[in-house]
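Single-structure report; data block below.
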Amino acid sequence: MTDLPLLSITIFLPAIGALLLLFLKDSMEQLQKMLALIVSALTFIVSLPLYFSFNSNTAAFQFEENYTWISAIGANYHVGIDGISLLMIMLTTFLGPLVVLSAWNAVHKSLKGFLISLLVLETGMLGVFASLDIFLFYIFWEAMLIPMYFVIGIWGGQRRVYAAVKFFIYTMVGSLLMMVAILFAYFYVGEQTGTYSFDYIHLRDFLMPVEIQKWLFLAFGLSFAIKVPMFPFHTWLPDAHVEAPTAGSVILAGVLLKMGTYGFLRFCLPMFPNATFIFAPLISILAVIGILYGAWVAMVQKDVKKLVAYSSVSHLGFVMLGIFSFTHQGMQGGLIQMVNHGLSTGALFLIVGMIYERRHTRMIEDFGGLARQIPIFTTFFMIVTLSSIGLPGLNGFVGEFLVLLGTFQTNVTLAVLATSGVIFAAVYMLWMFKRVMFGPITREENKRLTDLSKREVAVLVPIVVFIVWIGVYAQPFLGKMEKSVDSLLAQLKAKQTALVQPGNEIIGGGE
Amino acid sequence: MNGFEFDWIAIAPFLILSVLGFAVVVLGISFPKMYRGTLGTIVLVGFAVAFLASLQSWDDARLAFGGMITADKFSSAFSCIFILGATLTIGLSINQVEEKYLLYSDYFALVVFATAGMTLMASGTNLLTLFLGLETLSIALYVLAGFRRSNEFALEASFKYFLLGAFASGFLLYGIALIYGITGSTDLTKISAYVSSEGILGSKMFFAGFLLLLVGFGFKISVFPFHLWAPDVYQGAPTPISAFMATGSKAAGFAALMRFMIAMQSTTQSGWQDIIWVIAAATMILGNVIALRQSNVKRMLAYSSIAHAGYILIGVLAGNTIGSSGIIFYLLTYTFMNIGAFGVISYLSTAEHEFITLSDFRGLASSRPFAAIAMAAFMFSLAGIPPLAGFMAKFYLFSAGVKAGYVWLVIIAVVTSMISLYYYLGLVVQMFMRDKEADVAATAPLQPAVMIAISIAMLAILILGIFPSRWVSLFQDLARSLM
Amino acid sequence: MPIEYYLIVAAILFSIGVLGVLTRRNAIIVFLCIELMLNAVNLTLVAFSNHVQNLDGQVFVFFVMIVAAAEVAVGLALIVAIFRQKETVYVDEINLMKW
Amino acid sequence: MQDYIWLIPFFPLLGFLINGLLGKYLSEKVIGILGSAMVFLSFSTAVVLFFQLTQLDPENRLFINTLYTWMATGSFSADVAFRFDALSAVMVLVVTGVGFLIHVYSIGYMHGDRGFARFFSFLNLFTFAMLLLVLGNNFLIMFLGWEGVGLCSYLLIGFWYENPEYAYAGNKAFIVNRIGDFGFLIGIFMIFGYFGSLNFDTVLSAAGMQPEWVITTICLLLFVGATGKSAQIPLYVWLPDAMAGPTPVSALIHAATMVTAGVYMICRTSAMYVLSEVALSVVAIIGLLTALMAATIAITSKDIKKVLAYSTVSQLGYMFLAAGVGAFATAIFHLMTHAFFKALMFLAAGSVMHALSNETNIDKMGGLKNKIGTTYRTFWVGGLAISGILPFAGFFSKDEILWKAFSSPFGSTVFWAVGTLIAGLTAFYMWRMIYTVFYGESRVDKEVALHIHESPKVMTVPLIVLAALSTVGGLVNIPHYFPMFEHFLDPVFMKYINPAAFEASHGSFGLELTFAAISLVVAFTGIWLAKVMYVQRRELPDKIASSVKGLYTLLFNKYYVDELYDKIIVKPFVKVSDAFFYAFFDVKIIDGIVNGSAKIMDSIAGVLRRSHSGVVQFYALSLVVGAIALFGYLIFG
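Right, here's the structure in full:
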C-alpha cells in the first residue's frame, strides 16, 4: 500500500479546489467551471485506489491517519474507512463531477460562489464519512450545513429562504443535542477509563450503562433521524428539495441524507448497543410508517420534485428498517440501498432539473406527452424511474429485497407492511411518469422541447451504468462491506450479552 | 500579604496605558491638526508595548501595592484580550473618528483609559482595586457612549448607561462595605480565607454583601435581570464603542467576577450555584428570544451579547479548570467575532447614514461581497457553527458545564442556541438571499483600517476555530494556576 | 453607640436613595439620590472601619468620594447636553430607544 | 453443453441492446431480421439442449449453469444460475418457438410504425425476461424474470403511449401485477426464512420437513403472485385492458407466454403444493371461478381482442384448475397447446384488424370469410382447437384437464361439471365471434371496406405454422396410448414427492372415454348454438339479451369489477392520501408544529421585548427587584 495520505487527499482536494476558485475573477466563468470539474473529477480518481486496494477481508479501519489535533481535549485528526464508509465515500466522489457538470448552464448568478459551495460541501461530506474522531465528525457534520444552506438559499427557487432556514434550523435542532451527548459520553468514558479522548474507537469500545445509553441514543438518534429524514421529522426535506437548485437536490438526496443512516450505523449502534435494542422496535415502526406514508403522500403531489422528495422519505425508510433488523441481509441491504438511493434519486433530480431548465416548471400538469418529443430523455427517465421503484435487474431491487428479507427474519408484520410499499412505489412513480411523459402533448411549449444534449447524456450515463451494474451484479459491492457488517453485528451481540449478566453493570471494553 | 511588596512589572500595563492616555490628550491639545493616522499609530504602538508588558507576568506571578494588584497568568491573559479588543476598536474608529468627530484625540484617550481600567480590573486582587478599575472603565465609557454629542440617541445611551452604572455602583459598594464589615478587609485573599473557615453562608450579612456584589457585576456583564440597559446603550453608542463595550467591558466584568468567584469558591459548593444557574438560564433565554424580533442590527447584536453572557456563566458555574479556561477562550473568541460584526456595520456606515437596519443589509452580497462574507462568517461564528471559533468556544464551554454535571443547563443553552440561529441566519438571508431594494442609502467608501481590523478578526476566528489546540492548552495552564 | 445604629441609618439612607432613583422624574434629583446612596455606603464603611479597628474602610471612603466627584462631572455634563438637545431633564421623557 | 444455457437468454438480450441503442440508425428490415434471428438462435440453442437432455436418463435430466453470485450476505446467497430440465425445456421451446413466429409476424404488422425499433427491442427484452423466468434456478432469478416480463408488458401495452388510455392500461397492468408480486415476494421471504435458501432443489427437497401451515402459507402467497401475473380472480382486471398493446404483444405476452408464468411457477414448486391440500383447493377453485367468470363475460364482449383476452383468462383458469388438482403435467400441456392456438387467434385477429384499419369492434365486421381467406382459415383452426374438437390440440389438453379434475385425488365431480360447462361456453363465444366476423353481411365502414386486403406473407406464414401446430400439437400426449409429454415432464414433478399420491383415486378408462364424448358434444352444441344465433337467426341475440336484461348488463359491464375496485379502493385511497395524509397531517400537523413553534417563539419575543420599555427608571427598578429577589433567596432559600 502506498504511503500517501490518500484519504486526506480525497477529503481536502475539493476544498483546495474551492480555494483556487477564490482567486479566479468573476468573469472567467468557463474557467471556473472547468476548474471545478477537473478538481471534482480528480477527487474521484484519487478516491479510486481507496476502493480498489480496499481489503475486503477485514473489518478493521483502513487508510487510517491519526494526528494529534487538540491535545488539550483529546481530539485528534483521525480518519479511516471500513466497509461501511467506503461505499459512501465512493458515492460522494462519484456524484461530485456529475453535479458540477449538471450545473453547467443552470446557474445564472455568482457562479463562482456556487462552485465553491459545491466543492466545500464535498469536503464536508467526505469528512463526515471518514472521521473516526467524534469531535472531528461533528465539525464536518455541522460545517457542511453552511454551504448547503447557501446553495439552497441563494440559488434556489421561489421559497428558497424559507426552505434554507428550515433546513438549517431543523438539522441544528438535532445536532446541538447530539453535541451535548457527545460531551457527556466523552466525560463519562473519560472518568471511567481515565483517558479523555474523542476517539471513536475509544468511545465505542467502552460499554456504558443502559440508562445512560438510552439518553445518548436519543440525542444522537434525533440528530440522525432528522437528517435521514425519518417520519415524522421529514418535513424539511420536501421544502429543501423543491427549492434547492438541481445540483443541491442531487447532493441532498444523493449524499446528505445518507449521513443520517450512516450515523446510526457508525455511532448509535456500536456505541449504544443496548439502547439500540430497546429503541429498535420504535424505530422500525417509524421506518415502516415512513415507507408507506412517504409513498402515499408522494402519490398526490403535483410537483415532480416534491414527489421525488417524498419518495426519498419512503426509500430511506427501507434503509432504516434494514439497519434495525440486525440481520446481515437487512444491514447490507440497507447499505446498498443507501448507494442505490443516491444513484437513482440523484438521477431523478438531475432529470427533473433538465426538464426544468427547459420549461421552468415542475408541475405535472404542465407536461404530458413528452415521450414523443424527447425520446432520449424519456429513456433515461424510464430507467431511473424503474430503478426507483425497485425493478429486479436494476439497483433498487437489490437493496429493497435484502432489507425486506432481513426484516422478515425478525419481524414478519413490519416486513409485510413494508413490502406493500413496493406496490405504492410503482403507483406513484408510474402514475407520475404517465402524466408527464405519456398521452398527447397538450401544451404548445412542450412541442418545442429539445432532447438531451451531449453534456446531459454524459451526466446520466455513468449513473445508469451503475444502476444496472448493481442491479445485475451486486456481489462486488456487497462483498466490500460484508466483513464490516459482520463485525458490527458481532459487536452488537457481544455487547448486548455483556450487559445482561447480573452484577456486571459497567464494563470497559478492551481495544 | 507580608510587608509591602511592590513589583513595577506587575503594574506596567496599567502604567503604560495611563501614560499613553495622558500623552494622547496632551498631543491632541498641543497639535490640534495632527494627522489622526499618526495619533492612531502612536496609540497602537503604545498598545503593543502594553501588550508585551502584560505578557511579562505570564510565567510567574508578581505583586504590587502590597497584594492589591496581582499580575499573574490570569491578568496577563485578560490584559491581552483587552488590548486586542481595544486595538481592533481603534482600527474600527480611525476612519469613523475622522469623519464624524473632530475630537479624535479625546476619543482615543478615553479608549486608552478604559483599557487601563480593564487591566486594573483583571489584576486587582483587592475589592478596592477592582472598584477603581471598574470606575475608570465605566466613566470613560460613559463619555465614549455619548461621544456623538449632537446625536439624541447617543446622548440617551450615554445618559442611561451613566445613570444605571452609577446606580449599580452603589449596590456594588454597599456589598463591598458589608463584606468589609464582616471580614475586616477588602483583600480577596483574606476574604477567601474567611469563606474557607466560615463558609459563604457563615453570616447572613456576608452573604448579603456577596449578593450585592453580584448585582454590581451582573450589571457590568449584563445578565438577567440587570441586563435591560444593554440594548439601548449599544444601539445609541458609536458602533466601535458598542463593540468595545460588548467585548472589552464585558470581559473585564467577567475577569473581576471570576477573581471574586474563585475567592468565594474555596468553600463548600453551596449557596450561590442555584442563583447563577437561574440567572444563566434566564439570560440565555431572554437574550436569544428577544433578539428574534429586532430589525436593528446593533440592537440585535446587543441582545445576542446578553445571551452570550449567559453562556459564559456556565463556565463560571462549572468552576472547574475547563470552565475557567473555557471562559477565557470564549472571551477571546467573542472579542474577535463581536468586534468583527460591529466592525462590518462601522465599515459600511457613513456620517449621514448608520448602516444598521436589516433592510440596509439587503443584497449586500452583490454590492459589497467582502463585507457580506465577513458578516456571514461572524454570524455563523456567533451562532456556533464549525469550523469557526465560535463553535469551538461554545463546545469547550459547554463541555465544562457537562463535566460539572449541569447537563440541563447545557441543554437549555443548546436549545437557545438553536433559537439564536434564526436571527443570525436572518441577517445572512438578508445579505445573500434577498435582492437589493432600489432606494437604499449608499454604503460608505472603502475604509482600509476598518477592513484590516475586520480581516484580522476573520482570520482569528478561523485560526482559533481550526487550530485551537495551542490556546486551549495555554488557558488550561492558566486555569490550573488559578485553582 | 452600638454599630447597628450606624448601619441602620445607612441602610435607611441607601433605601431612600434607591426609592428616589426609582420615583423622581427630574434627572438632577435622581442623580442626587445616587449620591445619597454612595454616601450611605460611605457611612457604613466608616462605621465598619471603626468596628473592625482598621483604616481600610476609611481609605476606601476617600476613593468613593473621588469616584463620585468624577461621576458628578460626567453626569452633570451629560444632563446639560441632554437639556440642550431635548429641553427636558425628565428621565421618563428620555426614551427614544426601547424594545 | 450445459455451460451454454446462458446463451438462450443472452441472444434476445443482445437483440434488445442492439435494437435499443442503435435502432434509430438501422432500417426496419435489419431491425426485424435481427430481432427475429436472435429469438431463433435462442430457439436453436434450446433445441440442441433439449436433445441433449433427452439423451439422459429421465431421472437425471437436469442441466445447471451457474454464472456468478448475484448477491450474498450472511447466510443468504443467490446465484445467477440457470436450470434446464424437462419443464424448463418445454417452456423455453414454447417461448422461443412461438416467440420467434410472433417476431416474424411483427415485421409485417408493425411495418411503418415510428416505434419499430423500440417495438423489437422491447419484444427481445421480453423474451429475455421470460427466459430468465423459466430458466432461473432459484426463486430470485425467477422473480427477476417475473418482474422483467411485467415491465415489458407495461412498456408494450403502453407502446402507443400517446393515447392516454393505453398508457393507463400499461400502468394498471404493472400495478396490479405488483400487488401480486407483493405476495410472491413475501412468499420468497418466507421460503428463505424456513428453508434458508432460495434454490429450487434445496427448497423443494426439504418441503416435506416443514409443518403444513408453513407450506400452505407459502403456497398461497406464491399463488397471489400467480393470480397477478396470470390474471386470475381477483387480479385479472388488467388483462382485458392490456389489449391496448399492439396485437403481436397480446399474442406473445398476454396469451402465449407471460400470463402462463403463474402456471409455470406452481408447477415448478409443485413439490410444495402437493403437500398442502388447502393450497391446491384454493388454486383449483380460483382457477375454476375465473374460467367461468371470464367465459361469461366473453359472451357479451364486442371487441375482438377483448373476447380473446377473456378467453385467455378463462383458459388460464383451466390451467390453474389442472394444477389445482395436482395434474401439473396436464397444466403445462394445456399451457403449450393454448400457446399455439391462442397465439394463432390473436395473430389472426391482428390480421383482421390489419385488414380493417385497426377496427376491433366485431359489430363492424362480418363477411370477411372470402376477402381474407388465409386469415379466416387459420382463425377457423384456432376456433376448433380452443373449443376442443378432436383432433385439434385443444381437445387433448382440455379433455385431460376435465378428466383429471374429476379423477384426481384432489378433484371432484363439481370441478368436472363446471369445467365442461365452461368448455361449452368457450365454444359458444368463440364461434359467436368467428361467425360475426367472417360470416353474414359485411357491416364494415365504407371507407374501411375499400382497403380490405389480405396480410403479407410475413404475417400469414406464421399464422399457417401456428395453425399447423394447433392442429397436431395435441398429439404429443394422447392418454394411455402415447403419453410422451407426461412421461417427459413427470420426473420433474415426481422428483420430491411420492407418486402414489397421484394415482387416480377413481374412474376408469371407460369413464374417461365417456367424458371425452360428453365434452365433444358440449363443444359442438356450443358451436351449433353460435351458428344458430349469429348466422341463421341474427335477431335472436338481441331478444335474449333484452329478455335477461339485468344479467346481460351485468355481463356486458364485466360484473362491474373495475368500477368496484375504482370506487372502494383506488378513489378513497387517493383521496385519503391527499386530503388527510398530505394536506392535513403533513402540512397542518407536522409543519404546523414546526412553523407554529417558530411563530410562538416570535410572539413570545414580542411580549418579552416590552420589558425594555426605554424608561431608565424601569431598568433601575428591574435591578432593584433583582436584588430583592436575591435577598429573598438569602432569607427563604
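Residue numbers (our numbering), protein chains in the order written: chain A, 16 to 526; chain B, 3 to 485; chain C, 2 to 100; chain D, 184 to 820.
All C-beta atoms, glycine included, are put in the ideal place defined by N, C-alpha and C.
For K99/C and chain D, any beta-carbon pair shorter than 8 Å?
yes
Would you verify that the beta carbon of V807/D is, or is not, closer than 8 Å to some beta carbon of chain C?
yes
Please list, in chain order, the residues of the stretch 23 to 38 of chain C that have any C-beta partner in chain B closer than 7 Å.
V31, I35, M38
Secondary structure, beta strand (DSSP E): runs of 3+ residues fully inside the stretch 258 to 331 of chain D
259 to 268
Using CA coordinates, which residue listed in I83/B, T185/B, A124/B, L384/B is at the minimum distance from G211/B?
T185/B
Return yes when at least one heavy atom of the ligand NAP lies under 7 Å from the C-beta of D318/A, else no.
Only the bare structure without any ligand can be found here, which leaves the ligand NAP out of the picture.
For L573/D, does the three-state DSSP call read helix, strand or coil?
coil
Please state if the CB of L539/D and the CB of T561/D are separated by a distance shorter than 8 Å.
no
Step through the CB atoms of chain C and report whether any lies within less than 8 Å of the CB of A871/D.
Because chain D spans 184 through 820 in this model, residue 871/D falls outside it and cannot be assessed.
Which of helix, strand or coil does DSSP assign to T483/D?
helix
Please check if any C-beta of chain A sits within less than 8 Å of the C-beta of S419/B.
yes
As an exercise, report each continuous alpha helix (DSSP H) stretch of at least 4 residues that is fully enclosed by the stretch 413 to 496 of chain A, in chain order.
427 to 452, 469 to 487
Comparing the C-beta of V19/C with each C-beta of chain D, is any distance below 8 Å?
yes
Buried or exposed for H634/D, please, with buried defined as at least 16 other CB atoms from any protein chain shown within 10 angstroms of its CB.
exposed
Option in H375/A, G269/A, T465/A, E206/A with minimal Cα separation from Q352/A
G269/A
Neighbourhood of L530/D by C-beta, 6 Å cutoff - its chain only, sequence neighbours within 5 removed
Y288, A434, L646
Rank W100/C, V73/C, R85/C, K99/C by C-alpha distance to the C-alpha of V31/C and give the top, closest one.
V73/C
Which class does P517/A belong to by DSSP, given the choice of helix, strand or coil?
For P517/A, the predicted model reports a pLDDT of 47, less than 50, meaning its position is unreliable and no value from the coordinates is stated.
Determine which residues share a DSSP beta bridge with Q207/A and list them.
According to DSSP, which records beta bridges pairwise, Q207/A is partnered with nothing at all.
Can you round the beta-carbon distance between G333/D and L315/D to whole angstroms, since I take them to be within the 8 Å contact cut?
Not confirmed; about 12 Å, so no contact.
Closer than 7 Å at the beta carbon, the chain D residues around D57/C:
Ordered by position in chain D, no residue passes the 7 Å Cβ test against D57/C, which lies about 25 Å from the chain.
Sequence ranges, alpha helix (DSSP H) only - wholly within the stretch 449 to 503 of chain D, length at least 4
453 to 456, 460 to 483
At least 3 beta-carbon pairs within less than 8 Å: the stretch 262 to 271 of chain D vs the stretch 346 to 363 of chain A
no
At least one CB of chain B closer than 8 Å to the CB of V532/A: is that the case?
There is simply no residue 532/A to check, as chain A begins at 16 and stops at 526 in what is shown.
Span of the alpha helix (DSSP H), counted from its first residue to its last, around H217/A:
215 to 219
Is the stretch 379 to 396 of chain D close to the stretch 458 to 465 of chain D, with three or more CB pairs under 8 Å?
yes
Counting contacts by CB-CB distance shorter than 8 Å, is V62/C in contact with chain D?
no
So for N27/C, helix, strand or coil by DSSP?
strand
Determine the DSSP secondary structure at F692/D, reduced to helix, strand or coil.
helix
Quick one: does V75/C have its CB under 8 Å from some CB of chain D?
no
Starting from V75/C and walking both ways along the alpha helix (DSSP H), at which residues does that stretch end?
57 to 87
From the DSSP output, in three-state form, read off Q432/B for me.
helix
What number of angstroms, rounded off, separates the C-alpha of S20/B from the C-alpha of Y7/C?
38 Å
Does chain D have any CB closer than 8 Å to the CB of D234/B?
yes
Any C-beta of chain D sitting closer than 8 Å to the C-beta of A489/A?
yes
Hey, L271/A and M163/A are a contact pair by Cβ (cut 8 Å); roughly how many whole angstroms apart?
7 Å
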